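Scroll down for the structure; my scribbles are underneath it.
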Amino acid sequence: MKFSWKISISMLVISMLVMGLGGYALLDALFSSSWQRETRNAAEENRMLAYSFVAYWNTTVQEWQNFTDEEIQKTAEAMSQGMTDSGLTFRIYDGDGQPLYMEKQISYDQEKEKDIQKLIKAASGETRARELREENGTYELATMSSIQLGEKRTLYLESDRDVTPLFNDRADQYRIYRRWMLVVLFLELSVCYLMTVWLLKPLHRLSRAARRIASGDMEVRARVESEDEVGRLTRDFNRMADHLEQQFTELQDTARRQEDFIGSFAHELKTPLTSMIGYADMLRSREMTEEERMDAANYIFKEGKRLEALSFKLLDLMVLRHQELAKRRVSTEWLAEEIRGILEPALEKQEIRLWVSVEDRQVELEPDLMKTVLMNLLDNGRKAMEGSDREKRLTLLGRPEQGGYAFYVCDKGKGVPEAELSRITEAFYMVDKSRSRKQGGAGLGLSICAEIVKRHGGRLDFQSEEGKGTLVRVWLPEQAGEEKA
Numbered sequence: 058m059k060f061s062w063k064i065s066i067s068m069l070v071i072s073m074l075v076m077g078l079g080g081y082a083l084l085d086a087l088f089s090s091s092w093q094r095e096t097r098n099a100a101e102e103n104r105m106l107a108y109s110f111v112a113y114w115n116t117t118v119q120e121w122q123n124f125t126d127e128e129i130q131k132t133a134e135a136m137s138q139g140m141t142d143s144g145l146t147f148r149i150y151d152g153d154g155q156p157l158y159m160e161k162q163i164s165y166d167q168e169k170e171k172d173i174q175k176l177i178k179a180a181s182g183e184t185r186a187r188e189l190r191e192e193n194g195t196y197e198l199a200t201m202s203s204i205q206l207g208e209k210r211t212l213y214l215e216s217d218r219d220v221t222p223l224f225n226d227r228a229d230q231y232r233i234y235r236r237w238m239l240v241v242l243f244l245e246l247s248v249c250y251l252m253t254v255w256l257l258k259p260l261h262r263l264s265r266a267a268r269r270i271a272s273g274d275m276e277v278r279a280r281v282e283s284e285d286e287v288g289r290l291t292r293d294f295n296r297m298a299d300h301l302e303q304q305f306t307e308l309q310d311t312a313r314r315q316e317d318f319i320g321s322f323a324h325e326l327k328t329p330l331t332s333m334i335g336y337a338d339m340l341r342s343r344e345m346t347e348e349e350r351m352d353a354a355n356y357i358f359k360e361g362k363r364l365e366a367l368s369f370k371l372l373d374l375m376v377l378r379h380q381e382l383a384k385r386r387v388s389t390e391w392l393a394e395e396i397r398g399i400l401e402p403a404l405e406k407q408e409i410r411l412w413v414s415v416e417d418r419q420v421e422l423e424p425d426l427m428k429t430v431l432m433n434l435l436d437n438g439r440k441a442m443e444g445s446d447r448e449k450r451l452t453l454l455g456r457p458e459q460g461g462y463a464f465y466v467c468d469k470g471k472g473v474p475e476a477e478l479s480r481i482t483e484a485f486y487m488v489d490k491s492r493s494r495k496q497g498g499a500g501l502g503l504s505i506c507a508e509i510v511k512r513h514g515g516r517l518d519f520q521s522e523e524g525k526g527t528l529v530r531v532w533l534p535e536q537a538g539e540e541k542a
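Following the numbering used here, the numbering of the sequence shown begins with 58 at its first residue and continues without gaps.
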């Protein structure tokens, strides 16, 4: 069953209970009020008849000694003739319940006699007894009171009041109320269903969005149309979808990087191994001159060393991700001068100028690893300027920045395409693969640099433009908190 129907039926049941109980209680209260009024009127009529009987008795009977049944009947007949237009009917019984006078004949059987005797017992002194009688759809309210004739005889006068209209009115009211209640409940069910469908529209949209996300459409979002709880739920759903999309994208990137890593690693092994196997087979199966044997052995040796270097770099990358760094407070100026002393002789041979401008600060870092980062970045800049006709200059800057310290490495080399910037720190990724292999690279240098900076709690940012050069920013916190692998 749909939720909208559940709410509508629940509201209908509640309304039925409230309207049913409330309506019937109200009608019952109205009936009770009318019934009390009828009983009071019946009591007044009975009292008036009793006073009238005594008055007629006093005017028609002169001797009070006998109080015979005949005298009582004559008095009752005289009173009845005098009250012809009043519409009141009465009966008179003796103390044993035997009728002495009946203005309107009724069936007087054994059951009726028992009822009369009960009323007689209940009616004593000023107390009046009453009984509701129903016969063939007609309701009468019988009221009984006692009449004392001197000290010798007690009579009982019973009067009837027709209360059929009262019960008919109640039945009509119940019937009309039930009809109107059905109409109102039908209208309420319709309105409640429409309102529920309207209120649940945002949830239906959320459900459709969730199904589309589950089917792979990570860009779908639900529209926020209110500021209530449903609106907050929609916003939370959209934030969750944003987070899922981000995680999904990251997982896709991770899977792609893993595939690229495996493919690149296999390629890096396949090319030198194929050549090494070919040269080894030549040495094994062919007659070669000494010079040819030396060339083949030299190639095998160089490719073997390159594979050894590749394995060492991969090992360094794995170690970096799992070992703790022995960091200490280091002067940035000292670090820059150390790097200058190592690189400057080699750069001078290639006619590359190294310009260093570093503001001295004490920064917490692992000096050997940070040397590796900066030297690798400077070496990449050197390689990028090979074969360039422009000014060959490398720049190393350092200054405090944003609660930490930043090194900048700038070159005027070939630059990196903007589309490639986000991938240059991936393992084995090379913008210019042929140039990198010629220069002995395997695409692991920037991956190692990025991992070192990450373990220092810093950031590695790249800005580059093709044909103009590259700017690399290495930001380190002054109190470096090591990031866990």
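Cβ atoms here follow ideal geometry from the backbone N, Cα and C, with glycine treated the same way.
Note that this is a predicted model, so its numbers are computed, not measured.
Find the nearest neighbour of residue i within the set the options, judged by alpha-carbon distance.
i: T146; options: R418, N103, A179; result: N103
i: R278; options: A298, L290, Y213; result: A298
i: D417; options: R386, T346, A403, E170; result: R386
i: Y356; options: F294, D338, T116, M333; result: M333
i: E549; options: G154, C249, K362; result: Lying outside 58 to 542, the shown extent of the chain, residue 549 is not represented and no answer is given.
i: F464; options: G470, T452, A180, D219; result: T452
i: I177; options: I233, L364, A199; result: A199
i: R296; options: D310, M201, A266, L308; result: A266
i: Q520; options: R480, D310, E475; result: E475
i: G139; options: S264, M159, F110; result: F110
i: S203; options: R190, A228, T195, I173; result: I173
i: R280; options: S272, H261, D468; result: H261
i: E381; options: E347, H513, K362, T331; result: H513
i: A271; options: L256, S283, L301; result: L301
Looking at the strands, I want to know which residues DSSP matches up with residue i.
i: Q419; result: S388
i: F519; result: V529
i: G461; result: E458, P534
i: R190; result: E197
i: Y213; result: Y150, S203
i: R296; result: The partner list for R296 (beta bridge, DSSP) is empty, contrary to what the question assumes.
i: V466; result: L453, V529
i: M159; result: R148
Looking at the structure shown, is residue i part of a helix, part of a strand, or coil, going by DSSP?
i: T146; result: strand
i: M432; result: helix
i: G514; result: coil
i: T221; result: helix
i: I204; result: strand
i: P474; result: coil
i: R410; result: strand
i: R278; result: coil
i: M140; result: coil
i: D226; result: helix
i: D285; result: coil
i: T306; result: helix
i: I481; result: coil
i: M252; result: helix
i: K171; result: helix
i: E360; result: helix
i: Q380; result: coil
i: E185; result: Strictly speaking, residue 185 in this sequence is Arg, with Glu absent from that position. Coil, per DSSP.
i: K178; result: helix
i: K327; result: helix
i: E448; result: coil
Is the distance from the Cβ of residue i to the Cβ of residue j below 9 Å?
i: V420; j: L290; result: no
i: L435; j: V473; result: no
i: A507; j: T527; result: no
i: A353; j: L340; result: yes
i: R148; j: E192; result: no
i: P457; j: E535; result: yes
i: I409; j: R450; result: yes
i: V510; j: V430; result: yes
i: L400; j: L411; result: yes
i: V220; j: E197; result: yes
i: L364; j: P329; result: yes
Can you list, in chain order, the residues of its chain with a C-beta nearer than 7 Å to that of residue i? Leave out the 5 residues immediately preceding and following it.
i: Q205; result: T211
i: Y336; result: A353, Y356, I357
i: F305; result: M275
i: T253; result: S61, I64, S65
i: A186; result: L176, A179, A180, M201
Which same chain residues, not among the five before or five after residue i, have their C-beta less than 8 Å away from its C-beta?
i: E245; result: M68, L69, S72
i: L157; result: D126, I129, Q130, A133, I149, Y150, D151, L212
i: K63; result: none
i: Q459; result: W532
i: M345; result: M339, A353
i: Y250; result: S61, W62, S65
Can you give me the Cβ contacts of residue i inside the same chain, cut-off strictly under 6 Å, excluding the 5 residues immediately before and after it?
i: G443; result: As written in the sequence, residue 443 is Glu, which differs from the Gly given in the question. The answer is none, since no qualifying residue turns up.
i: G461; result: W532, L533, P534, E535
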